[in-house]
DNA sequence: GTACGGCCCTGTTAGC
DNA sequence: TGCTAACAGGGCCGTA
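In my numbering, the protein residues as written are 65 to 339.
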């Protein structure tokens with residue numbers, strides 16, 4: 065389930081392999097989630113960016129290919145000019161040689177077992193048809209984003225803090241794993257709806273710590289996440305609470321509780337995340 | 001504008 | 001051993 069660290073890891077790998085290369089051919093699974101891939105034929109990639117959990121491939125014709133990996137999506141780069149195959153292949157792009165390189169034709173492929181991922185092609189910067197992206201909060205590592213702003217964003221609405229984090233609106237790029245980890249680190253109960261200024265600041269600090277750690281470890285691989293080399297992340301070894309319901313809290317050694325909050329499995333320590 | 005439930009999907013796992 | 005049902009969950013959409 066790729067979140068910010070996983071998507072950023074993939075972005076860093078994809079950029080040098082795609083920028084400056086022209087899409088010679090493309091095809092996709094028939095689902096409209098993936099057919100926009102075909103609209104890239106003829107375009108040249110000029111950059112690979114990221115916003116929250118979305119990958120943004122910019123092109124020389126002022127468009128962007130917007131990709132969300134869903135839960136099981138993955139990009140792979142294959143040094144072959146043949147049309148790829150595979151039970152979970154959802155889209156692929158045949159890339160011509162770059163202007164400053166003499167490599168041949170390669171294929172960028174997008175596989176997605178559960179088909180929760182999606183692709184869109186938009187005018188550069190116009191995300192009005194992608195509501196979560198359009199409404200996404202600041203990037204966690206944006207130096208202009210401070211605790212006061214985070215507190216104000218968290219104050220909107222009456223939903224529980226866990227639900228607010230997953231909505232992407234207070235801050236971008238946080239999913240179930242890093243939300244649970246950050247709430248545990250900050251000692252905040254996922255069921256509370258409002259936080260004071262200091263606790264919001266603590267939560268922002270915790271989010272930055274767990275996301276930075278995830279990035280440093282190449283992401284978290286629980287089952288499906290793979291980087292574009294097919295390699296796994298290492299961050300799963302660092303998790304304190306996610307997926308550990310019923311086990312001892314690493315901090316206070318009481319039993320971790322696991323329950324669904326607004327349909328999302330959440331694990332927390334009822335003792336040291338009491339409020 | 002906000003809250004909330006249902007849906008999309010398929011591989012894995014638990015239970016019988 | 002083999003079958004069935006439950007479960008995982010990010011984002012979107014319709015309804016209240």
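C-beta atoms are modelled at their ideal positions from N, C-alpha and C, and glycine is treated no differently.
Residue ranges of each beta strand (DSSP E) within the segment 283 to 331, 3 or longer | Taken in chain order, the whole beta strand (DSSP E) runs of length 3 or more contained in the segment 283 to 331 are 321 to 325.
Express the C-alpha separation of residue 195 and residue 227 in angstroms, rounding to a whole number.
-> Roughly 17 angstroms between the two C-alpha positions.
Residue 220 burial status per 10 Å Cβ neighbour count (16 or more: buried) = Residue 220 should be labelled exposed.
Give me the Cβ distance between residue 65 and residue 241, rounded to the nearest whole Å; I'm assuming they're in contact under 8 angstroms.
-> Contact holds; Cβ gap of about 7 angstroms.
Three-state secondary structure (DSSP) at residue 73?
-> Of the three classes helix, strand and coil, the one that applies to residue 73 here is helix, per DSSP.
Going by Cα to Cα distance, which pick from 252, 156, 285 is closest to residue 271?
-> Closest option to residue 271, Cα to Cα, is 252.
With a cut-off of 8 angstroms, do at least 3 Cβ pairs link the segment 123 to 135 to the segment 177 to 185?
-> In short, these stretches touch, since the Cβ pair count reaches three.
Enclosing alpha helix (DSSP H) for residue 216 [first to last residue] | Counting along the chain, the alpha helix (DSSP H) containing residue 216 begins and ends at 211 to 218.
Taking the Cβ atom as the reference point for each residue, do residue 304 and residue 245 lie within a distance shorter than 8 angstroms?
-> If you check the CB distance, residue 304 and residue 245 come in under 8 angstroms.
Residue 250 burial status per 10 Å Cβ neighbour count (16 or more: buried) | Looking at its Cβ environment, which holds 16 or more other Cβ atoms inside 10 Å, residue 250 is buried.
Reference residue 173, options 141, 151, 223, closest by Cα = Of the candidates 141, 151, 223, 141 places its Cα closest to the Cα of residue 173.
So the beta strand (DSSP E) residue 272 belongs to, where does it begin and stop?
-> Counting along the chain, residue 272 falls outside any beta strand (DSSP E), though it belongs to the alpha helix (DSSP H) covering 261 to 280.
When the Cα of residue 153 is compared with those of 277, 189, 90, which residue comes out closest?
-> The residue among 277, 189, 90 with its C-alpha nearest the C-alpha of residue 153 is 90.
How big is the Cα-Cα spacing for residue 273 and residue 224?
-> Straight-line Cα distance between these residues: approximately 22 angstroms.
Thinking C-alpha only, which one of 139, 159, 155 is nearest residue 145?
-> Ranking 139, 159, 155 by Cα distance to residue 145 puts 159 first.
Taking DSSP as the reference, what is the three-state secondary structure of residue 227?
-> Residue state, collapsed to three classes: helix.
Using only alpha-carbon positions, find the residue among 308, 114, 254 that is nearest to residue 286.
-> The residue with the shortest Cα to Cα distance from residue 286 is 308.
Take residue 83 as the anchor and find which of 93, 128, 70, 162 has the nearest alpha-carbon.
-> With distances taken between Cα atoms, residue 83 lies closest to 162.
Same chain only: Cβ atoms within 8 angstroms of residue 261, ignoring 5 sequence neighbours per side | Hits under 8 angstroms: 211, 212, 215.
Just the C-alpha distance for residue 188 and residue 315, rounded to the nearest angstrom, thanks.
-> The alpha-carbon atoms of residue 188 and residue 315 are separated by roughly 46 angstroms.
Are there 16 or more other CB atoms within 10 angstroms of the CB of residue 334, so buried, or fewer, so exposed?
-> Label assigned to residue 334: exposed.
Start-to-end residues for the beta strand (DSSP E) that takes in residue 128 = First-last of the beta strand (DSSP E) with residue 128: 127 to 132.
Report buried or exposed for residue 338, applying the criterion of at least 16 other Cβ atoms within 10 angstroms of its Cβ.
-> Classification of residue 338: exposed, given that the 10 Å Cβ count is below 16.
Under 6 angstroms Cβ to Cβ from residue 322, same chain only, skipping five residues before and after it: list those, please.
-> Excluding residues up to 5 positions away in sequence, 309, 331 lie with their Cβ nearer than 6 angstroms to the Cβ of residue 322 in the same chain.
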